[in-house]
Amino acid sequence: MNFSQSSADFFSPAGADPLSALSSSTHLGIGAHADDLEILAFPGIATCFQHPKNRFSGVVVTNGAGAPRSGPFAKTTDAELIEIRKKEQRKAAELGHYASVIQLAHPSAALLQNDRSPIVADLVKILETARPQVLYLHNPADRHPTHIAVLLACIEALQKLPSSAQPQEVYGCEVWGDLDWVPSTQIVPLSCAAPETLGPSLLRCFRSQVEGGKRYDRAAQGRRYAQATFANPTQPDSAQEVVLALDLRPLLQNKISPAEFLSPILDRFRAETLARLTPAAAPA
2 MNFSQSSADF FSPAGADPLS ALSSSTHLGI GAHADDLEIL AFPGIATCFQ
52 HPKNRFSGVV VTNGAGAPRS GPFAKTTDAE LIEIRKKEQR KAAELGHYAS
102 VIQLAHPSAA LLQNDRSPIV ADLVKILETA RPQVLYLHNP ADRHPTHIAV
152 LLACIEALQK LPSSAQPQEV YGCEVWGDLD WVPSTQIVPL SCAAPETLGP
202 SLLRCFRSQV EGGKRYDRAA QGRRYAQATF ANPTQPDSAQ EVVLALDLRP
252 LLQNKISPAE FLSPILDRFR AETLARLTPA AAPA
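Residue 188 in this note's numbering sits at position 187 of the sequence shown, and the numbers go up by one each step.
Take a look at the structure:
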């Protein structure tokens, strides 16, 4: 499979033919950066980990050159960081028993331009081959501009597919910013049933980030614990670790934009929040 960037990397940790490995995927995650998959798509990674039938594959869209760096990586050049992060993502794929991982190596600047057609074309190829049952993406309320650009490219690619080739489930998951503000009837809690050490261990593969000033290994698991416990004030916890997500299928079924999708959710959040601050009318 050829991609628009000659430096793209297609890797199957088990040594299988990468194309066959991608085709075997039941769960697919698409993230902007190396280590995004291990945060937003962790429910899928956990579901597939050591499972006899379920298989997880991941796609990283950017080359990771613009990441913050400090400590032992403070003087790392962009070119060096690209190679380091590529190896780190491969290591995480090995540890997590992924079927395959594709690193498309697009510069972040290309994503922030109006013409994302090469990226969309890459994603269409991948989605047509993988045909996953479940797809994990960034969510439209994410605060990172590159994450939103990747989401928009993913939605454009998905809308080019016939409905028969679209995933049965499509989730927009947390990375930069929590989703616990979303009305409870519209949030989807995704349980992460895996060994407690798996999530942090995956993120510690990304030494350039964890040792370079961003403790994603602690923060991501801490959020999953918090979302599980603070989900319902009147019920016992139903899971140990949870990632909150939005069901993005309406974007495909109704051919609406992410802005049109998110606007009524924001309106409902505003209405419900203000209603809690308004004293209830006394009974007549």
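Where is the CB? At the ideal position from N, CA and C, for every residue including glycine.
In this structure, Val61 and Gly32 form a Cβ contact; the two beta carbons are roughly 6 Å apart against a cut-off of 8 Å. In terms of Cα proximity to Gln167, the closest of Ile127, Ile46 and Leu199 is Ile127.
When C-alpha distances from Asp268 are compared across Leu204, Val243, Gln187 and Gln236, the shortest belongs to Gln187. If you draw a straight line from the Cα of Ser7 to the Cα of Ala106, it is about 8 Å long. DSSP places Thr63 outside any alpha helix (DSSP H); the residue lies instead in the beta strand (DSSP E), whose first and last residues are Phe57 to Thr63.
Excluding five sequence positions before and after Trp177, the CB atoms of its chain that fall closer than 6 Å to its own CB belong to Asp143, Arg144 and His145, given in chain order.
In the structure shown, the three-state DSSP call for Phe43 is helix.
Counting the other CB atoms within 10 Å of its CB gives Leu278 a total below 16, which places it among the exposed residues.
Secondary structure note for Phe12: its beta strand (DSSP E) is the uninterrupted segment Asp10 to Phe12. For Val176, there is no enclosing beta strand (DSSP E), as DSSP gives it neither H nor E.
Shown here for Phe74: same chain residues with a beta carbon closer than 6 Å to its own, the five before and five after excluded, namely Ser209 and Gly213 in chain order. DSSP places Ile257 outside any beta strand (DSSP E), giving it a letter other than H or E.
In the structure shown, Glu81 falls within a helical segment according to DSSP collapsed to helix, strand and coil. Of Ala66, Ser71, Cys155 and Leu38, the smallest CA-CA separation from Phe57 is found for Leu38.
Shown here, Asp248 sits in a strand according to DSSP, grouped into three states. In the structure shown, the three-state DSSP call for Pro73 is helix. By the C-beta criterion, the segment 110-129 is judged not to be in contact with the segment 219-238, since fewer than 3 inter-stretch pairs fall below 8 Å.
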